[in-house]
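Just below is one structure, and these are the notes that go with it.
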Amino acid sequence: MGRLAITGGKPIRKKPFTAWPAFGQQEARGLQKVLASRNWGGFPFPNKYADAFAQKFARYHGAKYGVAVSNGTIAIEIALKAAGIKPGDEVIVPAYTWEGTVGPILLLNAVPVFVDIDPDTYCLDARLIEAALTSRTRAIMPVHLAMRFADMDEICRIAKAHKLVVIEDCAHAHGGKWRRKGAGASGDIGCFSFQSSKLMTSGEGGGVITSNLEFYERAQSYTNCGRASATDQYHHRMIGFNYRITELQAVILDAQLDRLPQQAKIRQANMDYFAKRLRGTPGLAFLKHDRRQTRTAAYQFVFKYLPEHFGGIPRAAVLGALQMEGVPCDGLFYEPVYKSALFPIEPGDWPALSWGRKKSLNLKTSFHCPVSERAAYEESVWLPHHIFLGSKKDTDDIADAVLKVCANIDELRGLKHPAIEVKSMGRADRPRIEKRQW
Ligand SMILES: Cc1ncc(COP(=O)(O)O)c(C=O)c1O
């Protein structure tokens, strides 16, 4: 019997952490109000509470206009459509992101071009963008994740120089700020998700923000079956769909936005304390904080586990041990999209991948992004935000568990245990580990 819980020792924590999502009287009162009104859906668009929330959310992030929509993937599709992305256009995306960042590009028969991430931020590496531009590039889509922002100064500079649109995927960045501007407001359009795990949620839901009236009108029209937007100054007509959000979701989101700043404060204080406790631990490393990021959105606390320091013991074993100590955690949270089983793409299925090319572009084999691959398969550790919404003692438990696993890591050498199958977003680390014979 060892000291670690995975080898029979006593776990650091048996109690669950703060439950998520959080809600209170404000959500309950809002739902009662909408139920009684019998006006539950998104029609007549943009409807009362959905529009009020969308404008409040946009203002909170420093944008002029907002549209509340059915989910974050759809928000990206709407943004691409609003920005006028056409079949065959190329869109620069980071390789390390959720597959839902990329799917809408293909759905519009445009072409995603994967670029690697910056090892200091895990976000799109702006230094690599120019080399990936072609005469067909129309947009850059940074994804702000891991409590960090992509370098928006450099991305906006490149976009301006090459007349490209910047669409920010802010699914992890509610309330974050770059140079005092809210997430989604430094570029042309910002897209948000309100799915259950996110920093604010209505179960499902999404948001699009922009300060460009023309983009706003197109986004409204596309969300509302192609009908004219409320202002209709540009008279855009297009085929659209029903991507509206319901009034029931909108009142929940309004309350969630009100509680976001206070939650962010608690999370930040606990995460700062956690980082202080872990800093200096050999074999662990942290992403860098950029001073231009003036407010952090902490969807997940992400740090690096450096397997070479621990004699090659793989991350999956460490995560299994950490989970057995009572700390929820994840490793293979994202993969380079081009390698993902959730991206089973056949070049023949997407006509634009062969237009104007001698051989059609194979999205599975044409890209190699080593920083994304290392983050995904070896080093990143993701801790969910809600476990940092509790007390200092909760945070001490998380830090104690990580430090305990590091201090007793030799107990994991060669260990076979069901907990060492880290399932994450439908993926599993295990087959890769077995192949490596650690
Ligand atoms: C980075 C990123 N982009 C887009 C999305 C899509 O959001 P949704 O799940 O609301 O469709 C997500 C959701 O997990 C995400 O994490």
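In the numbering used here, the protein residues as written are 24 to 461. The beta carbon of each residue, even a glycine, is placed where N, CA and C say it ideally should be.
Among all the DSSP beta bridges, which residues are the ones paired with residue i?
i	result
D74	For D74, which the question treats as bridged, DSSP gives no partner whatsoever.
C214	D192 and V231
G89	I232
D353	W405
A308	K327
I140	L147
V134	E113
Any heavy atom of ligand 1 closer than 7 Å to the beta-carbon of residue i?
i	result
I268	no
Q218	yes
G230	no
W121	yes
L168	yes
I115	no
T124	yes
I99	yes
D141	no
G226	no
P265	The displayed chain sequence assigns Asn, not Pro, to residue 265. No - ligand 1 has no heavy atom lying nearer than 7 Å to the Cβ of N265.
D192	yes
T246	no
H195	yes
G95	yes
Report, in whole angstroms, the separation of the C-beta atoms of residue i and residue j, which I expect to be a contact under 8 Å.
i	j	result
P110	L131	7 Å
A149	D174	4 Å
A375	A133	6 Å
A162	I190	6 Å
N431	R26	5 Å
H167	H195	6 Å
I275	G53	6 Å
F309	F297	11 Å between Cβ atoms; not a contact.
R338	G349	Incorrect: roughly 18 Å between the Cβ atoms, too far for contact.
V92	V231	6 Å
E100	S363	At roughly 19 Å, the Cβ-Cβ gap does not stay under 8 Å, so E100 and S363 are not in contact.
L307	Y328	6 Å
Would you mind reading off the limits of the beta strand (DSSP E) that contains residue i?
i	result
T317	Q316 to R318
K5	Nothing about residue 5 can be reported from this structure: the residues present for the chain run from 24 to 461 only.
Hey, could you find the ends of the alpha helix (DSSP H) residue i is sitting in?
i	result
P14	Summary: the structure shown does not reach residue 14, with the chain confined to residues 24 through 461, and so no result is reported for it.
I99	G95 to A105
I421	K415 to A430
E113	E113 -> not in any alpha helix (DSSP H); beta strand (DSSP E) instead, spanning E113 to P117.
L58	Q48 to S60
Quick one: which unbroken beta strand (DSSP E) runs of 3-plus residues sit fully inside the stretch 229-299? Chain order, please.
229-233
What are the uninterrupted segments assigned as beta strand (DSSP E) that are 3 or more residues long and contained completely in the stretch 144-207, given in chain order?
160-163 and 188-192
Please go through the stretch 329-398 and give each complete alpha helix (DSSP H) segment of 4 or more residues, from N-terminal end onward.
338-347 and 393-397
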